[in-house]
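First the structure, in the form of structure tokens, and then the observations on it.
There are 2 protein chains.
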Amino acid sequence: MRLIPVSLLCLGLCAPAWCQTAPLRGYSADSSLLERDWEAKFRAIPDTANLRAYMQRLAARPHHVGSAYDQDNAEWILARLKEWGLDAKIESFDVLFPTPKERALELVEPSKFTARLEEPAVAVDPTSSQRDEQLPTYNAYSIDGDVTAPLVYVNYGVPEDYETLERLGVSVKGAIVIARYGGSWRGIKPKVAGEHGAVGCIIYSDPADDGYHEGETFPAGPFRPKDGVQRGSVMDMPVYPGDPLTPGIGATKDAKRLPLNEAVTLTKIPVLPVSYADAQPLLAALQGRVAPERWRGALPLAYHVGPGPAKVHLKVKFNWDIKPLYDVIARVPGEAYPDQWIIRGNHHDAWVNGAEDPVSGTSALLEEARGVAALLKQGWKPKRTILLCFWDGEEPGLLGSTEWAETHAAELTRSAAAYINSDGNGRGYLNMSGSHTLEKFINGVARDIEDPETKATVWKRLQARAIANASSGDAAERQDVRARSDLRIGALGSGSDYTVFIDHLGVPSLNLGYGGEDEGGIYHSIYDDFYWYTHFSDADFVYGRALAQTAGEAVMRLADAELLPFDFDALTDTVRRYVNEVRKLAADKRDQIVERNRQIDDGVFAATGDPRRPSIAPKKEAVPPYLNFAPLDNGLAALQRAAEVYAQAMTRVSENGASALAGAARRDANTRLMAVEHALTLQEGLPNREWFKHQIYAPGLYTGYGVKTLPAVRESIEQKQWQLADQEIVRVGKTLESAGAAIDSAAAALQ
Amino acid sequence: MRLIPVSLLCLGLCAPAWCQTAPLRGYSADSSLLERDWEAKFRAIPDTANLRAYMQRLAARPHHVGSAYDQDNAEWILARLKEWGLDAKIESFDVLFPTPKERALELVEPSKFTARLEEPAVAVDPTSSQRDEQLPTYNAYSIDGDVTAPLVYVNYGVPEDYETLERLGVSVKGAIVIARYGGSWRGIKPKVAGEHGAVGCIIYSDPADDGYHEGETFPAGPFRPKDGVQRGSVMDMPVYPGDPLTPGIGATKDAKRLPLNEAVTLTKIPVLPVSYADAQPLLAALQGRVAPERWRGALPLAYHVGPGPAKVHLKVKFNWDIKPLYDVIARVPGEAYPDQWIIRGNHHDAWVNGAEDPVSGTSALLEEARGVAALLKQGWKPKRTILLCFWDGEEPGLLGSTEWAETHAAELTRSAAAYINSDGNGRGYLNMSGSHTLEKFINGVARDIEDPETKATVWKRLQARAIANASSGDAAERQDVRARSDLRIGALGSGSDYTVFIDHLGVPSLNLGYGGEDEGGIYHSIYDDFYWYTHFSDADFVYGRALAQTAGEAVMRLADAELLPFDFDALTDTVRRYVNEVRKLAADKRDQIVERNRQIDDGVFAATGDPRRPSIAPKKEAVPPYLNFAPLDNGLAALQRAAEVYAQAMTRVSENGASALAGAARRDANTRLMAVEHALTLQEGLPNREWFKHQIYAPGLYTGYGVKTLPAVRESIEQKQWQLADQEIVRVGKTLESAGAAIDSAAAALQ
């Protein structure tokens, strides 16, 4: 690893206070001092009383897409932004948003039971009784359906669960599956069930993962009560998010729309989410094999797999309406580089009242906007343009951000320098994930923010946790945490509004939020409201303030930098880990197949079979070829060489002061820096999902939110598509070389 | 590893059929052929119909120590042995055996609940209604007590659970603890609770470990029903088993007995076991911190730690009576070496009807006795004396075997060549554990027994399982299983009647039994009976037959060998692994303390604390010294050299035929071989528990049944007694050298 001088000086040689007076990356010494001054002023602004008031207002009534209060909230936000003197407007889109017309779930054999499908109001919780405005419990973008079939329990309903079922000799063909929430993003469950021939899918919250097993249930405690239901989208977002009718283009009034039956991101089978009170009689009626140990939840019954004798009737019918979205966008024009945009976003729509998801984050963004407005009045002039975006329609499918970004794709490709996202926020640790070009940058911000509980910096607290968590593991990981100047940040999968920016447009992105100290079970239920949040989460809003300080400072520091503070050493270091991972994955897959074939030949499966619980032995598979990883290694080498050249160039710039560069040279260098993340994308996208263009990060086709890094290579290996894997290794290797060339070009501009 | 010629020839060079005609270890070619002939005759004898009839008879009524049917069973067994022509008798002892006079458990705050403490009869199960003869549910050797105190949930109640409680700031001083069964032998729970200041201990069966979470409950399925209770001993057996009043000596009529208040193996606090139906209201009434994830069971509630507000009244009072034991012993005198005994045992007493525990094993032993008697009539003449022992009083504390062996200690030390134990038996795989001097021997037996389900040998099936289980782990382990000529056998801890033989007297011992394909939840309850066993376990008794074949053949092969077939390569190989383990344990302990101290210094605990869930940071500890492992290494080297010398001597004997040795030389060699396992003991025993004399194996002081190998060294490291560890390393190293000398002496006798 290469070290830039600032870090060198900081490594244990100086107290944090000293470090914070060292020039910021991308800043000259003078501009750095000035910036620190403005940032300190900014950090003093966010006020917990305001955050509380915003939440009380925004979460006062249900505000899902298409609801009256969704629009009302957008207009109220707009009014606040304008009141503070910001240039703001609402951009509107028209999207497919189905809502339930009919929902029924019954056990018809061997006994009768009709599911309640309702979340009851709770006396102490005033907003829980707003039944007229609440969306019923359902999964958005399920197709219509009316099916009656034997039931099969499929655990989390992920691909490996179906391998287990196959070993047990159980097929879901023609069956309705019941899967528990967890183990994957919910949309994966009906997708995989459908691929295996199921005709319907019920998803329930098992109390082992989300209920009394975790602690007291609402309102006595924060966890999911027996009738609580997790709503949520089941759109096939790993193929493309956003309006199912307008893939790749903005859902403007006059956009060309697909007919409904050509929208491939709708589910193939009907889906309905239920509470554990509704699931229990269904699961209790199952017989057949006892579910494997790992499959059993915390209901007081013996979990069986089925199929049957439980037979179930599932009916769902939807209003397939087009509904308006209201994105609220404030723009602060940049003085030096108005065509370089720093974009900050958080959604404002919710499934119901949504105090935690998303209002805890929306409120922080609103308070950041107030802070930005206040600084502007004090004379602060950001070099780059800042966009503060309050997205609508995130919950059903990242609609507001996706449609906006698709509409403005050309400008964004030219102008977007970075995107910073947040969503729900809570008490605890800073979660920071995103583009590794921003790893060093966001570590620097985290070193400035005070943790409200420990008064240490949030960075220090994160590092302590990383050390503590590694303690149970190996000493090498602990050593990595201690020795490395920065904490590693996670890669982005999907699940919030950064998706279109990083995955579709190749804009360096970050996702920020606090959490980890409070758990709860109100996600996407009517109980995610002001009462719950102020009893069981960041009740005094100090972590809301910390989020506003963190994200606000990040936006300012990016907007004000003379040179965009991207760093390519962390990128190289991280990509090297990914390359090692996929190489090991391929080797492991191969070893597993060789070993399994040997065991089949040796009669191991026959010898370990239990005649009372017969299992189907796996079939022999062709031994995979060795893959040629050289193109990836070459790509990585090119990336590393370029990162080293850039680091040396930056060292020279730092020694001379960034402002020593002529204005035009700086502008040129910034423009070239903005091209680097884009160089990590390919226009043709990932195999079978061209909307996803980034070659380093993507949500997994079979994990949904969970990230797959080097996705084209990793997923083709996971899916045993060896020929495709060999091809993708070449493509991704070339992509890394392109990124190296883009970095070289930026380094050249610094000469 | 050294290979003896027979194994060499077998390693993949020959089909099993060929191998089975190769001379048995310790046999000449001729005597081996003759032996195989007798063994084949023997294996044809055990009859499943007899096993079924024995079980029906022996489990027909409750037959705990002191019950009428316990004596009746002993006399019935004796009558059968005599009827078959064997020389048999009953040996009787008088032991302390408390039974309940009063039992009460109530929740007194914050609400009232009185525990039922009863297992209801089940209509379909005829013996479950024999209430008058059933022992109530209780833990034997709990002291009397009458306490009322706040309740604390302590998970499994093992030492590390109390470390967790300490971190949570929860003390059990003055409290009644409720622990779930599992994680250790039950007697450890009140012992550790008492050491931490608790005044009472409730033990319950959580449905996560023993109930509906595993499958359907009795009588619909095999698992523990809500009112089922696990009885059992809580005597402090890791200090000494057997009659608490006569440590180290036989509890004969006129034995010198300790006064009750000097019996250190009674518990220090009152204990009572309960069902999960009785535990649920108690656990539901607990508040305080939510129990850590790993602590939560499968009851439909939020597990809290307490203390309180639940307050509990616990009262137990016992009849502290002396009761008779009836050991039934059959003796078949040896022709060549009458003073060399092969001892085979299984207990006959139960907690209630005990079909599985122990009658499934008792029946096999009885059928073996019938087989032995039949062979004798056909002219078979074992070279060594065979003792077939039906122990009484195993359940309360290994009473019958311990008192018998203590009574006959002097003869046994001179004459016992090996002890082979069994206990409950079921469907599935052969479990073989014991002295590693017998590892190669018992592998040879397992290669001869046909698995009733797969028709492969039980050895082959075991190997297949070892490969399959290793598959999820590392390839090195799989390679070890595949490449090694023998399967590794486990070491013996405690929990059955082998304890006095191996741990106290240093007699090479084995424990055998089938199982692993059926689980159940009737252990030590009234439902462990003929109905349960014939519905949910080895219903057609084919694995009962397999056990009779396995153990019977092992007894014959040991009894008939010209030279005792002990092998010291496996011993050396295994001790080397143990030495490596304790060395690593010491290094890990040191690293952990260094790391934890560093984290305390670095403020990691402070930085990761959650003010809403405060935890107590651990205190800094003195860094342990490096231990000197050289004495262990030297001992191991001596053992290895001797094993090599012995192996060479055996090779020469095998080449010349064992019978080439003169009769006196053989006798001499056998006598010296019998001294080897004894050389692994020390008369002064283990630190603070002199009854336990073996230096390689012992039940753990804080695991109860679970084995600790190299116990003096391992436990002193675990307990951070570094000075003691250094001393024990020297003592154990010398013990290994003594064993090496004993092996050398045996090798010399073969010249």
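Keeping their order, the protein sequence lines are chains A and B. Counting in the numbering used here, the first sequence runs without a single skipped number right up to 754 at its last residue. Counting in the numbering used here, the second sequence runs without a single skipped number right up to 754 at its last residue. Don't be surprised by glycine CBs; every beta carbon is placed ideally from N, CA and C.
By a beta-carbon distance limit of 8 Å, Gln698/A contacts Val735/A. Their separation comes to about 5 Å. The beta carbon of Lys587/B lies closer than 7 Å to none in the same chain, with the five residues before and after it left out.
Closest in alpha carbon position to Phe45/A, among Gly703/A, Ile452/A and Ser719/A, is Ile452/A.
For Val585/B, the CB contacts under 6 Å within the same chain, skipping 5 residues up- and downstream, are Leu713, Val716 and Arg717 in chain order. In terms of beta-carbon proximity, Tyr215/A lines the interface with chain B, with at least one pair separated by less than 9 Å. Neighbours of Ala282/A across chain B, judged by C-beta separation under 7 Å, do not exist; the nearest C-beta is about 13 Å away. In the DSSP assignment, the residues bridged to Tyr207/B are Arg183/B and Val277/B.
In this chain, the beta strand (DSSP E) harbouring Glu112/B covers Thr102 to Glu112. Boundaries of the beta strand (DSSP E) harbouring Glu94/B: Asp90 to Leu99, taken from the DSSP string.
Checking the DSSP bridge columns, you'll see His316/B partnered with Glu109/B and Thr151/B. Between Glu359/B and Gly427/B, the CB-CB gap stays under 9 Å.
Interface residue (Cβ-Cβ distance to chain B less than 9 Å): Arg227/A is not classified as such.
Contact annotation: in the segment 610-637 of chain B, residues whose CB is within less than 9 Å of a CB in chain A are Ala610, Thr611, Gly612, Asp613, Pro614, Arg615 and Arg616.
With respect to the 9 Å criterion, Phe444/A and Ala557/A are classified as neighbours on the basis of their beta carbons. Residue nearest to Arg491/A within the set Gly498/A, Ala469/A and Val503/A is Ala469/A (criterion: CA-CA distance). No Cβ-Cβ contact shorter than 9 Å links Pro210/B with Val274/B. The beta carbon of Gly493/A sits closer than 6 Å to those of Ser436, all from its chain and outside the five residues before and after it, given in chain order. Secondary structure at Ile146/B: coil, using DSSP grouped into helix, strand and coil.
In the assembly as shown, Lys115/A is an exposed residue. Its beta-carbon has fewer than 16 other beta-carbons within 10 Å. The residue among Met677/A, Gly160/A and Ala646/A with its C-alpha nearest the C-alpha of Glu740/A is Ala646/A. Boundaries of the beta strand (DSSP E) harbouring Leu515/B: Ser512 to Gly519, taken from the DSSP string. Between Ala333/B and Leu391/B the beta-carbon gap is near 4 Å, inside 8 Å, which marks them as a contact. Using beta-carbon distances, Lys463/B counts as an interface residue toward chain A, with a partner under 9 Å.
Note on geometry: alpha-carbon atoms of Val582/B and Ala640/B lie some 11 Å from one another. Closest in C-alpha terms to Glu78/B, from the list Phe321/B, Ala43/B, Ala486/B and Asp330/B, comes Asp330/B. With respect to Val173/B, Gly309/B sits close: the two C-beta atoms are nearer than 9 Å. Nearest Cα to Gly707/A within the set Leu36/A, Tyr57/A, Pro262/A and Gly186/A: Gly186/A. Put simply, the CB of Gly224/B is near chain A, with a gap under 9 Å to one of its CB atoms. Listed along chain B, the residues sitting closer than 8 Å to Leu302/A by beta-carbon distance are Pro303. With the rule of 3 Cβ pairs closer than 8 Å, the segment 545-565 of chain B counts as touching the segment 35-42 of chain B.
Annotated as distal: Tyr57/B and Val503/B, with beta-carbon spacing of 9 Å or more. Per the coordinates, the alpha-carbon of Ala376/A lies some 52 Å from the alpha-carbon of Glu166/B. Excluding its 5 nearest sequence neighbours in each direction, Val656/B has C-beta neighbours in its own chain below 8 Å: Leu566, Ala663, Leu664 and Leu753, listed in chain order. Inter-segment contact for the segment 237-246 of chain A and the segment 402-421 of chain A is present: three or more beta-carbon pairs are separated by less than 8 Å. Residue contact check for Val237/B against chain A: no CB pair falls below 9 Å. For Thr457/B, the C-beta contacts it makes with chain A under 8 Å involve Ala609, Ala610 and Gly612, in order along the chain.
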